[in-house]
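Novice: Residue numbers for the sequence shown, in UniProt numbering: 1 to 266. Glycine included, C-beta positions come from ideal geometry on N, C-alpha and C.
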Amino acid sequence: MQLDADLTLDKAVRMARQSEEVKKQQVSLRGDTKTQASDATSVDRVRMLKTSKPAANKPQHVNKPHNAQNSIGKAQCYKCGSTPSHPARDCPANESKCHACGKMGHYSRLCRAPKSVHEVEEEEDDAIFLGSITANGEPWTVSIGIHDSSVTFKIDTGADVTVLPHAVFLEIFKNNPPTLRKATKPLLGPGKSPLDVVGVARLLLRRVKKAEMEDVYVVRNLHTALLGRSVSCRLRLVARLDSVTVETLKQTYPRICSGLGEMQCV
1 MQLDADLTLD KAVRMARQSE EVKKQQVSLR GDTKTQASDA TSVDRVRMLK
51 TSKPAANKPQ HVNKPHNAQN SIGKAQCYKC GSTPSHPARD CPANESKCHA
101 CGKMGHYSRL CRAPKSVHEV EEEEDDAIFL GSITANGEPW TVSIGIHDSS
151 VTFKIDTGAD VTVLPHAVFL EIFKNNPPTL RKATKPLLGP GKSPLDVVGV
201 ARLLLRRVKK AEMEDVYVVR NLHTALLGRS VSCRLRLVAR LDSVTVETLK
251 QTYPRICSGL GEMQCV
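1) If I follow the unbroken alpha helix (DSSP H) through F169, where does it start and stop?
2) Which same chain residues, not among the five before or five after E20, have their C-beta less than 8 Å away from its C-beta?
3) Answer with buried or exposed for S108, where buried requires no fewer than 16 other C-beta atoms within 10 angstroms of its C-beta.
4) In the structure shown, what three-state DSSP assignment does P190 receive?
5) So what does DSSP say about R17, is it helix, strand or coil?
6) To which residues of the same chain is N94 closer than 7 Å at the C-beta, ignoring the five residues directly before and after it?
7) Count the other CB atoms, across all protein chains shown, that sit within 10 Å of the CB of R207; report buried if there are 16 or more and exposed otherwise.
8) Report the residue from V198, A183, V231, R255 whose alpha carbon sits nearest the alpha carbon of V218.
9) Are the segment 220-233 and the segment 153-162 touching, with three or more C-beta to C-beta distances below 8 Å?
10) What's the call for I256, buried or exposed, on a 16-neighbour Cβ count within 10 Å?
11) What are the start and end residues of the beta strand (DSSP E) that includes L202?
12) Consult DSSP for S143 and reduce its assignment to one of helix, strand or coil.
13) Measuring straight from C-alpha to C-alpha, what distance separates P92 and C77?
14) How should L170 be labelled, buried or exposed, when 16 other C-beta atoms within 10 angstroms of its C-beta is the threshold for buried?
15) Near S149, which residues of its chain fall below 7 Å by C-beta distance, leaving aside the five closest residues on each side in sequence?
16) Does the Cβ of E214 have 16 or more other Cβ atoms within 10 Å, making it buried, or fewer, making it exposed?
17) So what's T162 in DSSP terms, helix, strand or just coil?
18) So which of N175, D156, I155 has the shortest CA-CA distance to H147?
19) Below 7 Å CB to CB, which residues in the same chain sit around A75 once its five sequence neighbours on both sides are set aside?
20) To the nearest angstrom, how far is the alpha carbon of C98 from that of G259?
21) When we look at the beta-carbon of A201 and count the other beta-carbons within 10 Å, is it buried (16 or more) or exposed?
22) Here's the rule I'm using: 16 or more other beta-carbon atoms within 10 Å means buried, otherwise exposed. How should V216 be labelled?
23) Per DSSP, what are the beta-bridge partners of Y217 in this structure?
24) Name the DSSP bridge partner or partners of R181?
25) Quick check on Q26: does DSSP put it in helix, strand or coil?
26) Kindly give me the distance between the Cβ atoms of L187 and L195, rounded to whole angstroms, as I take these residues to be in contact under 8 Å.
27) Taking 7 Å as the limit between beta carbons, can you name the residues of its chain near N221, skipping five residues before and five after?
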């Protein structure tokens, strides 16, 4: 104010008041800054204390080194199936041979080899094959007596069983039909197509002076009765002829088939 040449009393009072107001505002601003800094420090301290304080009610987990032996004894042995398990080197199946895959070191009931091939073979063994259903050319036929009727059968040496059409069965046994048993195995025709089997009847088959009991399969939608291979041989309708070769004759008659000689004409 001393440097101002035009200074008056009113102007000096106004400038003094402005200076006091500025000082008050500066003091107020300095006080707010300190308060905010103090509050921030307090909050930071509280947060730090809360973060670093361990949970009193929670159990402390201690990392333990994994031991492979701890897992032994809790599961089933994949080689012998015993429970609890044991080290592989101590397994009793180490010296055993699997009957399913032929490999050493495990029992067959625990074999992991695929079994699709064996399943197909078992299904084929359990099925019964029937030969030709329809007649081609001139079939071998024979009249077979069943009950009080005579039925024309086609001799089928390719058939494993004897079959009778369901319609013919009902015609023969109009009044007192025999009990039909359930077939235990599927009956397959040409091309391995399944046939509609009604049941199996134990019947007496007669041919001239021969008679044989036979399990006869009664089949729906069958046009021709077929006489199976087994009963055809037992009724002496067909005979098994073994082929004869020169080697067979030499082994059977070694003296005749060696050296030179003469045969008397008969």
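Specialist: Checking against the coordinates, here is how it stands:
1) Run containing F169: 166-172, per the alpha helix (DSSP H) assignment.
2) Short of 8 Å from the beta carbon of E20, and not among the five residues preceding or following it, lies no beta carbon of its own chain.
3) Exposed, because fewer than 16 other Cβ atoms sit within 10 Å of the Cβ of S108.
4) Three-state DSSP puts P190 in a helix.
5) In the structure shown, R17 sits in a helix (DSSP, three-state: H, G or I).
6) Excluding the 5 residues flanking it on each side, N94 has same chain C-beta neighbours closer than 7 Å at G105, in chain order.
7) That one is buried.
8) Nearest of V198, A183, V231, R255 to V218, Cα basis: V198.
9) At 8 Å Cβ cutoff, the stretches touch.
10) Counting Cβ neighbours within 10 Å, I256 comes out exposed, since fewer than 16 surround it.
11) It should be noted that the sequence gives Arg, not Leu, for residue 202. Taken as a continuous stretch (DSSP letters only), the beta strand (DSSP E) holding R202 covers 197-207.
12) Secondary structure of S143 (DSSP, three-state): strand.
13) Separation of P92 and C77 (C-alpha to C-alpha, rounded to the nearest whole angstrom) is 10 Å.
14) With fewer than 16 other Cβ atoms inside 10 Å of its own Cβ, L170 counts as exposed.
15) If the five residues before and after S149 are omitted, its C-beta is found closer than 7 Å to the C-beta atoms of I172, all from its own chain and listed in chain order.
16) By the neighbour-count criterion, in which 16 or more other beta carbons inside 10 Å mark a residue as buried, E214 falls on the buried side.
17) Reduced to three states, the DSSP call for T162 is strand.
18) Comparing alpha-carbon positions, the option among N175, D156, I155 lying closest to H147 turns out to be N175.
19) Non-local C-beta neighbours of A75 in its own chain, meaning closer than 7 Å and more than five positions away in sequence, comprise S85, ordered along the chain.
20) Each residue's Cα considered, the two are about 55 Å apart.
21) By the neighbour-count criterion, in which a residue is buried when 16 or more other Cβ atoms sit within 10 angstroms of its Cβ, A201 is buried.
22) Result: buried.
23) DSSP output for Y217 lists V163, V200 as bridge partner(s).
24) DSSP, once it has assigned bridges, lists V200 as partnering R181.
25) In the structure shown, Q26 falls within a helical segment according to DSSP collapsed to helix, strand and coil.
26) Rounded, the Cβ-Cβ distance is 5 Å, consistent with contact.
27) Apart from the 5 residues on each side of it in sequence, N221 sits with its Cβ closer than 7 Å to the Cβ of D196 in its chain, given in chain order.
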